[in-house]
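Here the structure comes first, spelled out in C-alpha cells, and everything after it is commentary.
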Amino acid sequence: MGDVLPDLPASGSEADGTAVVRVLSYNVRSLRDDVGALARVIRACAPDVVCVQEAPRFFRWRKAVARLARAAGLVYVTGGATASGPMILSTLRPHVERAEALLLPRTPGLHQRGLATAVLRFGPAVRLGVVSCHLSIRDEERYAQGRLVLDALASLGVSHGVVAGDLNDRPDGRTFGLLAGALQDGWAVKPWGREHTTRLGDPLQRIDAVFATRGVEVLGCGVPMGLPGVSETDLRAATDHLPVLAALRVPVGG
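This is the structure in C-alpha cells:
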C-alpha cells in the first residue's frame, strides 16, 4: 500500500469551543462481504459519525446492523431499511437531538431511494446536521434527488452540516456539481489519502464523497489507504467500495 499515511486530526473539543469531528462515508453492500474486515476498517478510521449506504434492508436487518455497530464500537442513530439503505451510526460522543429516515419519490421500475438525517450535538454548543445518501444510477432521477438532499439538509435547521454518500456520479457530473456548488467538496478543498473510491482493481472513479457547509473547516478528506490499521486486505474483503474519511472543524452555534 506504499508509505504510511499521516493520520487526520483527532476528534475532540478545541480551546475556542469548536469541535473536530471525524465523518466516515461507506457503502457496505448490505453486509454481504466480510463484516469483521469492515469493522476493522471502521475502527481504524476512528470516526465520530459513519454515514452508511446499502445497509441491510430485509429479513432481520436490525440484527445485522446491531452486529456491525457492536463490532465497530458504534451505536445506531437512524436509517437502514427505513431509509431504503442509507443509515447513520455514531460513537457515544455526540448527543442525538433528533433523527429521521426519509423515503424519496420513486420512479416506477427503479430502486427506492431514501435519506438518513440527524442533528448531532458535540459538547454544549456545537451542532451538526448530517445527511447520508445513496443516489440513483439514472441521471434525471439522480439530479432531482440531489436537490432533495440539499432541501433535507436545510430543513434540519442548523447552520453547519455535512452530506456524505454514494452519489453514483463523478465530479464532472451535474449532480455532483450541484452538491459541490452549494457545499464544500471535502476532497477538492483539502485532499488527503487516496482520491478514487471504486473497488481496488476497478476503473478509477470518485463516486463517493463528503461535503460540508461553508462555515465548516475541512482539515482533510479522502480514502484512508495507508492509514495505520487500514490494510489493503481488509479493504478488499470488506465491501465493493472504498470508504471516505473526513476531519472537520465545526464552529460553535447552529
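The opening position of the sequence shown corresponds to residue -12 in this note's numbering, with each subsequent residue numbered one higher. For each residue, glycine too, the CB sits at the ideal point set by N, CA and C. Source: prediction; values computed, not measured.
**Item:** Length of the line joining the Cα atoms of R57 and H82
**Value:** 18 Å
**Minimum length 3: unbroken beta strand (DSSP E) runs contained in the region 106 to 130** = 113 to 121
**Prompt:** Looking only at C-alpha atoms, which of S123, L79, M74 sits nearest to P95?
**Reply:** S123
**Asked** Going by other Cβ atoms of all chains shown within 10 Å of its Cβ, with 16 needed for buried, is R9 buried or exposed?
**Response** Answer is buried; the Cβ neighbour count reaches 16.
**Message:** Do A233 and G207 have their beta-carbon atoms positioned less than 8 Å apart in this structure?
**Reply:** yes
**Message:** Buried or exposed, going by whether 16 or more other CB atoms sit within 10 Å of the CB of H220?
**Reply:** Correcting the residue type first, residue 220 is Thr in the shown sequence and not His. Result: exposed.
**Asked** To which residues of the same chain is V231 closer than 8 Å at the C-beta, ignoring the five residues directly before and after it?
**Response** Correct list, in chain order: L11, S12, Y13, A151, G173, W174, T184, D195, A196, V197, C208, G209, V210.
**Prompt:** Where do the N-terminal and C-terminal ends of the alpha helix (DSSP H) with L165 fall, by residue?
**Reply:** Following the DSSP letters along the chain, one finds L165 inside the alpha helix (DSSP H) bounded by residues 161 to 169.
**Request:** Less than 8 Å between the CB atoms is what I'm expecting for V117 and A105, so what's the real figure, rounded?
**Result:** 5 Å
**Prompt:** Would you say G110 and A(-3) are within 8 Å of each other, going by their C-beta atoms?
**Reply:** Annotated as distal: G110 and A(-3), with beta-carbon spacing of 8 Å or more.
**Request:** With distances taken Cα to Cα, identify the nearest neighbour of D138 among D153, L170, R157, N155.
**Result:** L170
**Prompt:** Secondary structure at I249, three-state DSSP: helix, strand or coil?
**Reply:** In the structure as shown, the chain starts at -12 and stops at 241, and residue 249 therefore has no counterpart that could be examined.
**Message:** Which residue marks the beginning of the beta strand (DSSP E) containing G66, and which one marks its end?
**Reply:** 62 to 66
**Message:** Could you compute how far the alpha carbon of M(-12) sits from the alpha carbon of W179?
**Reply:** Any reading at M(-12) is ruled out, since the residue's pLDDT is 43, under 50, leaving its predicted position unreliable.
**Request:** Assign H228 to buried or exposed, taking buried as 16 or more other Cβ atoms, counted over all protein chains shown, within 10 Å of its Cβ.
**Result:** buried
**Message:** So the candidates are S77, R125, F163, R16; which of them puts its Cα closest to the Cα of R44?
**Reply:** R16
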